[in-house]
Amino acid sequence: MNKYYFSQAVKITVPVFFGYIAIGIPFGIMVTTAHYPWYLAPLMSLTMYAGAGQYMAMGLFASGAPLTAIAVTQLFLNIRHIVYGLSLIEKFKDTGKWKPYLIFALTDETYALLTSVKVPEGANRGNFLGTIALLDQMYWVLGGIIGAIAGALIPFSFEGVDFALTALFAVLMLNQLKASKDFLPSATGICAALITVILSRFGLFSSERILITAISIGIAFLILCRGRKEPSKS
1 MNKYYFSQAV
11 KITVPVFFGY
21 IAIGIPFGIM
31 VTTAHYPWYL
41 APLMSLTMYA
51 GAGQYMAMGL
61 FASGAPLTAI
71 AVTQLFLNIR
81 HIVYGLSLIE
91 KFKDTGKWKP
101 YLIFALTDET
111 YALLTSVKVP
121 EGANRGNFLG
131 TIALLDQMYW
141 VLGGIIGAIA
151 GALIPFSFEG
161 VDFALTALFA
171 VLMLNQLKAS
181 KDFLPSATGI
191 CAALITVILS
201 RFGLFSSERI
211 LITAISIGIA
221 FLILCRGRKE
231 PSKS
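Take the sequence shown: its position 90, counted from the start at 1, is 90 in the working numbering, and no numbers get skipped.
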């Protein structure tokens, strides 16, 4: 890709840069605070590359959760990517050798960019979209490295930092509500979480299964609700 198209990709990804650095640093700090080697942060970011999934994985590792529970939790957490992939079948058709990587690197923020960006005239589609996805991942890796090294070298209180991802998703939820005016998914998630916590307090299941149970309730309700909706008539 020539310098002009690369500079355009950089401009497009600037917002993701600031977001991923801000959230990647707490993840890196979390890794070293949990007494794992600093290089686990970039290793996970290169091979796993799932922001919320990586945060959750660290918590599950620390709690001693079995591998099956971790796998099922990650599946439910990232199941939305199936829909992402289906909506990009046409856009990824002419991306050539970049296609496998574009599928792998399809995070929430990268999806938002790829679905809204217009490929500049004369630019190779695969190269341009692939560069956007690659830049986003490098920002995430960089944030994790900075946090991991800082956490290993500088005494740091981790209290409250692990809330960064929760805050990000709260902001994303508010933006989605403004754009779509569809309150059902957000309301379903909040109610499912509250119901699950209450049921857990009554001893119906262990606290380690709160997340899986809440996600299952939310997905089941949305499937039932959306399934009953009649298709709109033109």
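Heads up, the beta-carbon is just placed ideally off N, CA and C, and yes, glycines get one too.
Since residue i contacts residue j with CB under 8 angstroms, what's their CB separation in whole angstroms?
{"i": "Ala133", "j": "Leu102", "result": "6 angstroms"}
{"i": "Gly147", "j": "Gly19", "result": "Going by Cβ atoms, the distance from Gly147 to Gly19 rounds to 14 angstroms, so no, they are not a contact pair."}
{"i": "Ile282", "j": "Ala192", "result": "Since the displayed the chain opens at 1 and closes at 234, residue 282 lies outside it and no answer follows."}
{"i": "Trp140", "j": "Ser45", "result": "5 angstroms"}
{"i": "Tyr5", "j": "Phe27", "result": "No, Tyr5 and Phe27 are not in contact; Cβ-Cβ is about 30 angstroms, not under 8 angstroms."}
So the alpha helix (DSSP H) residue i belongs to, where does it begin and stop?
{"i": "Arg80", "result": "80-87"}
{"i": "Asn127", "result": "125-153"}
{"i": "Ser116", "result": "108-116"}
{"i": "Lys99", "result": "99-104"}
{"i": "Leu204", "result": "No alpha helix (DSSP H) holds Leu204; DSSP gives it neither H nor E."}
{"i": "Phe183", "result": "Element bounds for Phe183: n/a, residue is neither H nor E."}
{"i": "Ala71", "result": "67-77"}
Report all residues from its chain with a CB closer than 7 angstroms to the CB of residue i; omit the five preceding and five following residues, and keep chain order.
{"i": "Met58", "result": "Met30, Val31, Ala34"}
{"i": "Ala197", "result": "Sequence inspection shows Val at residue 197; the Ala mentioned does not correspond to that position. Once the five neighbours on either side are set aside, the close Cβ partners of Val197 are Ile210."}
{"i": "Leu135", "result": "Ala9, Val10, Thr13"}
Counting only the same chain and skipping the five closest in sequence on each side, list residues whose C-beta sits under 8 angstroms from that of residue i.
{"i": "Leu60", "result": "Ala69, Ile70, Thr73"}
{"i": "Ile12", "result": "Leu113, Val117, Ile132"}
{"i": "Ala62", "result": "Ala34"}
{"i": "Thr115", "result": "Ser87, Leu88, Lys91"}
{"i": "Glu230", "result": "For Glu230, the pLDDT reaches just 47, beneath the cut-off of 50, and the residue's location in the model is therefore unreliable, leaving the point undetermined."}
Excluding the 5 residues flanking residue i on each side, which residues of the same chain have their C-beta closer than 6 angstroms to its C-beta?
{"i": "Ala105", "result": "Ala133, Gln137"}
{"i": "Asp94", "result": "Arg125"}
{"i": "Ile195", "result": "none"}
For chain B, find out if any of its Cβ atoms is closer than 8 angstroms to the Cβ of residue i; answer yes or no.
{"i": "Gly218", "result": "The structure shown contains no chain B, having only a single protein chain."}
So, does the stretch 176-190 touch the stretch 199-209, judging by three or more C-beta pairs under 8 angstroms? no
Entirely enclosed alpha helix (DSSP H) segments - the stretch 15-53, minimum 4 residues: 40-47
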